[in-house]
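Report on the following structure.
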Amino acid sequence: MDPETVVIIILNGMFYALSLFLITIGLNILYSFMRVLNIAHGGLYATGAFLTWALMNAAAKAGYPIYILWLCIPAGAFLVGLIGLVIEPLLFKRLYRLREEYSLLATFGLMLVFDDSLRMIFGGSPLSANQLYNWMGTLTILGKAYPSYNFVIYAFAIAVALGLWIFFFKTKMGRILRGTAQDREMSTCLGVNVSILYTETFFLAVFIAGLGGAIYLPATNAYSGMGFEPIVLSFAVMIIGGLGSLKGALVAASMIGLVRAFGIALIPELELAVVFLILIMTLIFRPRGLFGKKFTREEK
Amino acid sequence: MKPKYIIAIIVGVLLASILPPVLPAYYTYVLSVTMCFAIYALGYNILFGRTGLLSFGHALYLGVGAYTVAALMRPELGPYRVFSMELLLAAAIVTSAIVGLGVGALCIRYTRIFFGLINLGFVMLWHALLLKLYHITGGTDGLPVYIPSTLGITFPYEIFRTFAFYYYILAIFVILTYVMWRIYNSPFGLALKAIRENGVRAEFIGIPVGRYRLAAYVISAIYGGVGGALWAPLSGQVSPDISTWLTSGDVVMMNVLGGMFNFAGPIVGAFIFYNLKIQIMHFTTYWSFILGLSAIFFVLVFPGGIMGWLSTKVRRFYGQKA
Amino acid sequence: MAIDKSEKILRTEGLKKYFGEVKAVDDVNLEVSEGEILSIIGPNGSGKTTLLNLISNMIEPDSGKVFFYGRNVTKWPPSKLAKMGLVRSFQIVNLFDGMTVMENLKAAVASNLGRTHRPFSNLNKDEEITRRSLEILRIFKLSEKAETLAGDVPHGDRKVLDVALCFALNPKLILLDEPTSGVSTSEKKPVMQRIEEAVRKEGVTAVIVEHDMDIVFGYSNRVIAMHEGKILAEGKPEEIKENEQVRKIVTGEI
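Listed below in structure tokens is the structure:
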């Protein structure tokens, strides 16, 4: 295999990995802090893609300049965030106190609702809005053309990772969040309005998922059922990377993305099976994941 | 068991027995399929309602059972084709037990919620393999299933599907329900309940929690395999559609709907769920939407399901955390 | 399993558990003789509960060993320990709340008798399990509450049930973690008396972590005082009572 192809494969792998990362990180936040595993997160990712499509499509048809199209991306994500602000008090607030398995069933139901709703509203055919992608053209890397827009995605995902790291470890709100995750009662005693904190956190997690869908739209398209595959793989990322670890999510997502890309290039039949194989290996040899903490007896 | 229950059951079985000649053939077929799912759901509940482990990938075992039957009937096997339903069932039990043991051993080591998701991963892996290994599995089309011989007799197609096999399934359903009843009322069954209530304390009173969870998992796998194996000749065709995350979610819904803390809950749930699904699918393609809303509704309002609402033991199972 | 009666029933060697900087248990060596009631006292944070957790393998020690009748049981899973006769109760009540009191006990008795391996025998028809469970209910004066859900029973009874579960296991050594904490003062003596009766009757060895000094001095054969993860002093209750260091550290409790 020549070096050019290898580089392209790596770039493709990272391309996929970062979409996984964006979904996983939101999932991770919700689970680590609120103990809810939100299967519907995939649906929010898909909603981000579809809403952004609607905005971009309308903007392009109305003949708005390119920078408006760029703005559609955060706009679409923001709309998804707003949806989050609606479903959090309506549904998720009631799930926090339930056993984890029950909330899983409820978010599973929510995922189905999102998926079918998107199908009802946008129809069953894939929708594309490639204007930005085309506008950015291509770069030549080692003699091969590579879409420049993809680098926007890379830059973006890194920015998100950095931003979150700063938020959780360097800001006051981030610290309050981490403290509340450890001991909710204590936080309340210290005057933290946990309820509002949770709502804000929910918005953040959902916004990132929507942003993920939005930023990938120009490079791919929005299709019905697009939320499911990333979700299952995101769980794999969470397990392999270790619960509650930002670093782990990034590393595991990269790993899975790269393995998948090389897998597709070398042995196309295997694809997903390879990822699941890694998952199984992790379960056998290191159940807590790469960066997770050891389980105490209570958590078993 | 109290005498009045025994009488009620005998009456119930008798009633069930006289249905085929009375009902239109289609309904007998539907009832037969429902019983297969009831077996699946009943087995699932020993893991879910009794031991407290939520698996989101149990449709794996439906598929394993169904494909075992289909694979053993393939024309390519020539003289080695198996047509005896009894042998096919035995094979399905063996394959689902082996897969259950393997997958279970891996999943049991993980914490509760990830237990469910890892199972989801396995059913998706199975699904992917079914699609990719199309030389063996028939890919998206799947494999045809031929009429097996039941107790040595091979019935003609129509009679088999809408009459004879109904009784066969009914008999197995009754037997398996009885077996499950014995398990529930045994010391082992109580130990499983203890594990659900408080896994840590169960360990400290001498119960080997990991091993028992695995045992419950394998039992539920076997029931799923039997359900799938019985369903295969009924439907005539097995395809990867039987093992998706959606059909895995179905069985969870059946149990929650019927009432997971009640022995009869899964059976009630399977009957209601499956028949409702058929009715609703006549009206709209957006079945998932309705299923999703119902799931949310039941989790928030009726966690004890129908049987639970009838027995009002619900409040214990809102979680302990604030 | 074979038991070497010439060995001490319980012995720890160099047990250490650090949580980061905090030395929860710092090189603890203790011995317990068969049939005695040993109390462990000390201020909060002295490592008493952690020590029990290490012995019962709720958590793993960073280093050190635990010997039960001379056998190294440091890494044994709690279920295996329970079958050997080493059981414990919990400071924060740890029951099967969704099951009735009777079911709680039956589970323990069935486990002890090795019956939980049987998936087909009828629990309700098992006379031995029922008989033993009723007997324990009687000893601990819980008979009236038999059919009540463990989660609905008053707190004092829940603490007693927690201990009763241990006795249902036919233990040789029982570790009691603050058995009277959270119990109202008027109830403490009766609770402790029920425990002591059972201990003396069944010839069980008991290690009790306690804060209530009346209980400690009223019921123990021997007392160990802990401080900052180490054993400060040990001896007969009267000796410990007079010990200057102990009085200083455990000020306000004597």
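Just so you know, the sequences run in chain order A, E and G. The numbering of the first sequence is this note's numbering, which starts it at 2 and goes up by one. The numbering of the second sequence is this note's numbering, which starts it at 72 and goes up by one. The numbering of the third sequence is this note's numbering, which starts it at 715 and goes up by one. Idealized CB from N, CA, C, for every residue including glycine. These numbers were taken from a predicted model, which means no experiment stands behind them.
Tell me the rounded alpha-carbon separation between A59 of chain A and G43 of chain A. Residue mapping note: residue 59 of chain A aligns to position 58 of the first sequence, counting from 1. Residue mapping note: residue 43 of chain A aligns to position 42 of the first sequence, counting from 1. Straight-line Cα distance between these residues: approximately 24 Å.
Since V295 of chain E meets chain A, which of its residues come closer than 8 Å, beta carbon to beta carbon? Here residue 295 of chain E corresponds to residue number 224 of the second sequence, with the count starting at 1. The identity of residue 295 of chain E in the sequence shown is Gly, whereas the question assumes Val. The contacting residues do not exist; G295 of chain E stays about 18 Å from chain A at best.
So which residues on chain A does S359 of chain E lean against when the C-beta distance must stay under 7 Å? The residue given as residue 359 of chain E occupies position 288 in the second sequence. L113, D116 and D117, listed in chain order.
Could you name the residues of chain G that V280 of chain E contacts, counting a contact when the two beta carbons are closer than 8 Å? Locating residue 280 of chain E in the second sequence gives position 209, counting from the first residue. Correct list: S793.
Report the residue ranges of all alpha helix (DSSP H) runs contained in full by the stretch 81 to 166 of chain A; include only those spanning at least 4 residues, in chain order. Within the stretch 81 to 166 of chain A, the runs of alpha helix (DSSP H) at least 4 residues long that lie entirely inside it are, in chain order, 101 to 123 and 132 to 137.
If you pair each beta-carbon of the stretch 309 to 328 of chain E with each one of the stretch 357 to 366 of chain E, do three or more pairs fall below 8 Å? yes
With 7 Å as the threshold, decide whether the Cβ of P833 of chain G is near any Cβ in chain E. Numbered from 1 along the third sequence, position 119 holds the residue referred to as residue 833 of chain G. Output row for P833 of chain G: interface = yes.
Pair within 7 Å by beta-carbon distance, G336 of chain E and M378 of chain E: Within the second sequence, the letter at position 265 stands for residue 336 of chain E. Within the second sequence, the letter at position 307 stands for residue 378 of chain E. Yes, the Cβ-Cβ distance between G336 of chain E and M378 of chain E is below 7 Å.
Three or more C-beta pairs under 8 Å: does that hold for the stretch 91 to 109 of chain A against the stretch 116 to 128 of chain E? Enough Cβ pairs lie closer than 8 Å, so yes.
Indicate whether at least one CB of chain A lies closer than 7 Å to the CB of R152 of chain E. Translated into positions along the second sequence, residue 152 of chain E becomes position 81. Answer no: the Cβ-Cβ gap between R152 of chain E and chain A never drops below 7 Å.
K301 of chain A versus Y237 of chain E: straight-line alpha-carbon distance, rounded: Locating residue 301 of chain A in the first sequence gives position 300, counting from the first residue. Locating residue 237 of chain E in the second sequence gives position 166, counting from the first residue. Caution is warranted here: a pLDDT of 40 is assigned to K301 of chain A, below 50, making its placement in the model unreliable, and the coordinate value is therefore given only provisionally. Rounded to the nearest angstrom, the two C-alpha atoms are 43 Å apart.
Does the beta carbon of Y103 of chain A sit closer than 7 Å to a beta carbon anywhere in chain E? As a first step, residue 103 of chain A is located in the first sequence; it is residue number 102 there, counting from the start. For Y103 of chain A, the answer is yes, since a Cβ of chain E falls inside 7 Å of its Cβ.
Under 7 Å from the C-beta of I276 of chain E: neighbouring residues of chain G: Position 205 of the second sequence, counting from 1, holds the residue named residue 276 of chain E. Neighbours of I276 of chain E across chain G, judged by C-beta separation under 7 Å: A796, A821, A822, S825, L879 and L883.
Alpha carbon to alpha carbon, how far is I154 of chain A from F16 of chain A? Give it in angstroms, no decimals. Along the first sequence, one-based indexing puts residue 16 of chain A at 15. Along the first sequence, one-based indexing puts residue 154 of chain A at 153. Cα to Cα, the separation comes out at about 8 Å.
Looking at the strands, I want to know which residues DSSP matches up with E745 of chain G. On the third sequence, residue 745 of chain G is found 31 positions in, with the first residue counted as 1. Note: E745 of chain G sits in a beta bridge opposite G:R725.
With three or more beta-carbon pairs closer than 8 Å as the criterion, would you say the stretch 839 to 853 of chain G touches the stretch 790 to 805 of chain G? no
Would you kindly work out how many angstroms separate the C-alpha atoms of S895 of chain G and Q805 of chain G, rounded to a whole number? Mapped onto the third sequence, residue 895 of chain G falls at position 181. Mapped onto the third sequence, residue 805 of chain G falls at position 91. Near 7 Å, if we compare the C-alpha coordinates of Q805 of chain G and S895 of chain G.
If distances are taken between C-alpha atoms only, which option among G:T763, G:D926, G:T726 and G:D718 comes closest to H941 of chain G? Translated into the one-based positions of the third sequence, residue 941 of chain G becomes position 227. Among G:T763, G:D926, G:T726 and G:D718, the Cα nearest to that of H941 of chain G is on G:T763.
When you compare the stretch 234 to 252 of chain A with the stretch 18 to 32 of chain A, are there three or more beta-carbon pairs, one atom per stretch, that lie closer than 8 Å? yes
Quick one, are the C-beta atoms of L890 of chain G and S753 of chain G less than 7 Å apart? Position 176 of the third sequence, counted from the start, is the residue given in the question as residue 890 of chain G. Position 39 of the third sequence, counted from the start, is the residue given in the question as residue 753 of chain G. Their beta carbons are not under 7 Å apart, which means L890 of chain G does not touch S753 of chain G by this criterion.
Would DSSP call F286 of chain A helix, strand or coil? For the purposes of this step, residue 286 of chain A is taken as the residue at position 285 of the first sequence. Three-state result, F286 of chain A: helix.
Does the pairing of the stretch 308 to 315 of chain E with the stretch 350 to 359 of chain E give three or more beta-carbon distances under 8 Å? no
Taking E911 of chain G as the reference, give the member of G:V874, G:K722 and G:A860 with the closest Cα. Looking up residue 911 of chain G in the third sequence gives position 197. For E911 of chain G, the nearest C-alpha among the options comes from G:V874.
Residue from A:V276, A:D117 and A:A130 whose Cα sits closest to the Cα of F236 of chain A: Within the first sequence, numbered from 1, the residue matching residue 236 of chain A stands at position 235. Closest option to F236 of chain A, Cα to Cα, is A:V276.
Could you pull the DSSP bridge partners for V233 of chain A from this structure? On the first sequence, residue 233 of chain A is found 232 positions in, with the first residue counted as 1. According to DSSP, which records beta bridges pairwise, V233 of chain A is partnered with nothing at all.
Check the Cβ of I281 of chain A against every Cβ in chain E and list those closer than 7 Å, keeping chain order. For this step, residue 281 of chain A is matched to residue 280 along the first sequence. Residues of chain E passing the Cβ test: L177.
From the beta carbon of I343 of chain E, is the nearest beta carbon of chain A less than 7 Å away? Taking the first residue of the second sequence as 1, we reach residue 343 of chain E at position 272. No, its Cβ sits nowhere closer than 7 Å to a Cβ of chain A.
Once you ignore the five residues that flank S747 of chain G on each side, which residues in its own chain have a CB closer than 8 Å to its CB? Sequence index remark: in the third sequence, residue 747 of chain G carries index 33 (1-based). Closer than 8 Å at the Cβ level, and outside the excluded window around S747 of chain G, lie K722, I723 and T919.
Out of E:G120, E:Y76 and E:A137, state which residue places its alpha-carbon closest to the alpha-carbon of G375 of chain E. Counted from its first residue, the second sequence places residue 375 of chain E at position 304. For the residues E:G120, E:Y76 and E:A137, the minimum Cα distance to G375 of chain E belongs to E:G120.
Start-to-end residues for the alpha helix (DSSP H) that takes in T48 of chain A: As a working note, residue 48 of chain A is residue 47 in the first sequence. Per DSSP, T48 of chain A belongs to the alpha helix (DSSP H) from H42 to K62.
Name the two residues that bound the continuous alpha helix (DSSP H) containing H831 of chain G. Mapped onto the third sequence, residue 831 of chain G falls at position 117. Taken as a continuous stretch (DSSP letters only), H831 of chain G belongs to no alpha helix (DSSP H), as it is neither H nor E.
If the cut-off is 7 Å on Cβ atoms, which residues from the stretch 327 to 340 of chain E count as contacting chain A, listed in chain order? V327
With 16 other Cβ atoms within 10 Å as the buried cut-off, status of H353 of chain E: The count along the second sequence starts at 1 and reaches residue 353 of chain E at position 282. Exposed, by the Cβ-count rule.
For A335 of chain E, three-class secondary structure by DSSP: Position 264 of the second sequence, counting from 1, holds the residue named residue 335 of chain E. Coil, per DSSP.
Helix, strand or coil: how does DSSP classify L317 of chain E here? Counting from 1 along the second sequence, the entry for residue 317 of chain E is found at position 246. If DSSP states are grouped into helix, strand and coil, L317 of chain E belongs with the helices.
With a floor of 4 residues, list each alpha helix (DSSP H) that falls wholly inside the stretch 897 to 948 of chain G, ordered by position along the chain. 899 to 916 and 927 to 933
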